[in-house]
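Undergrad: Protein chains in written order, with the working numbering: chain A, 116 to 272; chain B, 116 to 272.
My questions will all concern the structure given below.
2 protein chains.
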Amino acid sequence: MANASNFLSKNKSVVLYGIFLAILLFLLKWLELRFMIMDHAFEIYAGSIAIIFTALGIWLALKLARPKTILIEKKVFIEQSETFVLDEKELSKLNISKRELEVLQLMSEGLSNQEIALKLFVSLNTIKTHNARLFEKLEVKRRTQAIETAKRLSIIP
Amino acid sequence: MANASNFLSKNKSVVLYGIFLAILLFLLKWLELRFMIMDHAFEIYAGSIAIIFTALGIWLALKLARPKTILIEKKVFIEQSETFVLDEKELSKLNISKRELEVLQLMSEGLSNQEIALKLFVSLNTIKTHNARLFEKLEVKRRTQAIETAKRLSIIP
DNA sequence: TTAAAAATCACCCTAAAGTATGAGCGTCAA
DNA sequence: TTGACGCTCATACTTTAGGGTGATTTTTAA
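Put into structure tokens, the structure is as follows:
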């Protein structure tokens with residue numbers, strides 16, 4: 116859509132130029148006929164043409180050249196929850212298992228160990244074991260630190 | 116590599132202009148020949164000069180013009196940490212004091228109550244009292260929930 | 001100035017979290 | 001098949017977190 120109008124506006128210049136050129140040529144022709152200087156001042160004539168057309172070329176080029184600088188800064192505000200992509204590299208680097216990640220996510224939602232255990236149909240002790248391994252792998256001492264670190268590393272949203 | 120085709124597509128108008136010019140000149144020539152107005156040699160010469168210098172002008176303009184148009188499309192995914200603005204309305208609505216907010220922030224950084232106490236030069240019991248009030252105001256039961264809720268409400272980054 | 005809110009701290013108790021160690025079971029690749 | 005790994009669970013213990021209550025001292029606002 117923008118291409119079409121763009122092209123038109125550019126072509127308009129071409130058309131204008133063409134008209135201008137025609138007028139100019141006819142003017143020159145008229146001058147020729149009027150003063151009959153063709154044979155005597157040929158160099159002047161040719162020089163004029165050269166200068167005029169050079170200027171025309173420059174004008175045309177500048178006119179048709181693309182706008183100087185278009186800096187489109189597209190700011191995309193998207194919430195983390197929408198944007199979140201799990202950093203699998205980090206995950207495998209830290210060697211965190213699926214189950215551990217699951218526990219970590221529930222932990223970050225504010226669930227207690229008991230609640231996590233109930234949700235995952237396992238015992239409280241199992242969750243504690245997962246936690247211990249998680250803290251070891253994330254090199255932290257508390258669940259709050261684990262959450263903080265995991266979020267920073269894009270392991271959880 | 117891509118420059119050549121790029122140049123062509125970008126300067127389609129210029130090429131079109133050249134063709135238009137040629138057609139125009141030939142048209143004029145044809146008119147001349149048809150009506151036998153002038154000597155042919157000069158016309159061809161002048162036309163050549165016009166074409167050459169127009170091309171020169173275009174070339175000059177394009178060559179000397181400022182560096183190619185820079186079109187930057189910058190997608191800025193603004194991170195929470197950069198964007199964070201404290202929701203003061205929520206804060207006053209919940210009636211959370213400055214000190215409590217301070218404790219909440221340190222809490223969210225993964226610090227233990229003891230560490231927070233040391234950092235703020237107060238006793239552990241004081242922190243516990245702050246916590247209790249915080250949990251009450253945020254209507255949560257655990258620090259992890261407090262952090263989760265506070266982040267959701269934009270009370271902490 | 002005076003009441004209300006904020007900040008401080010203590011004590012006691014319970015609940016939850018975290019540590020350490022050991023072990024059973026299933027899967028999957030070498 | 002064997003050994004590494006993941007998941008599970010247990011017991012025992014320590015530490016931290018949280019609840020309840022009461023109290024003192026600043027700060028702040030009416």
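Ideal Cβ placement from N, Cα and C applies to all residues, glycine included.
Anything in chain B within Cβ reach of I270 of chain A, meaning under 8 Å, just list it in chain order.
TA: Residues of chain B passing the Cβ test: none, with the nearest at roughly 15 Å.
Undergrad: Could you check how far apart the C-beta atoms of E215 of chain B and R248 of chain B are, in whole angstroms? I think they sit under 8 Å.
TA: 6 Å
Undergrad: Let me confirm a value: L253 of chain B is counted as buried when at least 16 other C-beta atoms fall within 10 Å, else exposed. Which label applies?
TA: buried
Undergrad: Ordered along the chain, which non-local residues of its own chain (more than five positions away) have a Cβ less than 7 Å from that of T264 of chain A?
TA: Hits under 7 Å: L253, V255.
Undergrad: Tell me whether R257 of chain B sits in a helix, a strand or coil according to DSSP, three-state version.
TA: In the structure shown, R257 of chain B sits in coil (DSSP, three-state: anything other than H, G, I, E or B).
Undergrad: Between which residues of its own chain and A277 of chain A is the CB-CB distance below 8 Å, once the five residues before and five after are set aside?
TA: As displayed, chain A neither begins before 116 nor continues past 272, which places residue 277 of chain A out of reach and without an answer.
Undergrad: For S227 of chain B, which option in A:T259, A:A137, A:F141, A:T169 has the closest C-alpha, if you only look at C-alpha atoms?
TA: The candidate whose alpha carbon is nearest that of S227 of chain B is A:T259.
Undergrad: In the structure shown, what three-state DSSP assignment does T184 of chain B receive?
TA: Only weak support exists for where T184 of chain B lies, its pLDDT of 49 falling under 50; the value from the coordinates is given anyway. Note: T184 of chain B maps to coil in three-state DSSP.
Undergrad: Using a cut-off of 9 Å between C-beta atoms, extract the partners of E224 of chain A located in chain B.
TA: T259, Q260, E263
Undergrad: Residues of chain A with CB under 8 Å from T169 of chain B, in chain order?
TA: F168, T169, L171, G172, L175
Undergrad: What three-state label does DSSP hand S223 of chain B in the structure shown?
TA: helix
Undergrad: With C-beta atoms as the reference, is T169 of chain A less than 9 Å away from G162 of chain B?
TA: no
Undergrad: Report the residue from A:H245, A:Q229, A:K234, A:Q220 whose alpha carbon sits nearest the alpha carbon of A269 of chain A.
TA: This sequence places Ser at residue 269 of chain A; Ala is not what is there. Comparing Cα-Cα distances from S269 of chain A to each of A:H245, A:Q229, A:K234, A:Q220, the minimum goes to A:Q220.
Undergrad: Can you name the residues of chain A whose CB is closer than 8 Å to the CB of V255 of chain B?
TA: G225
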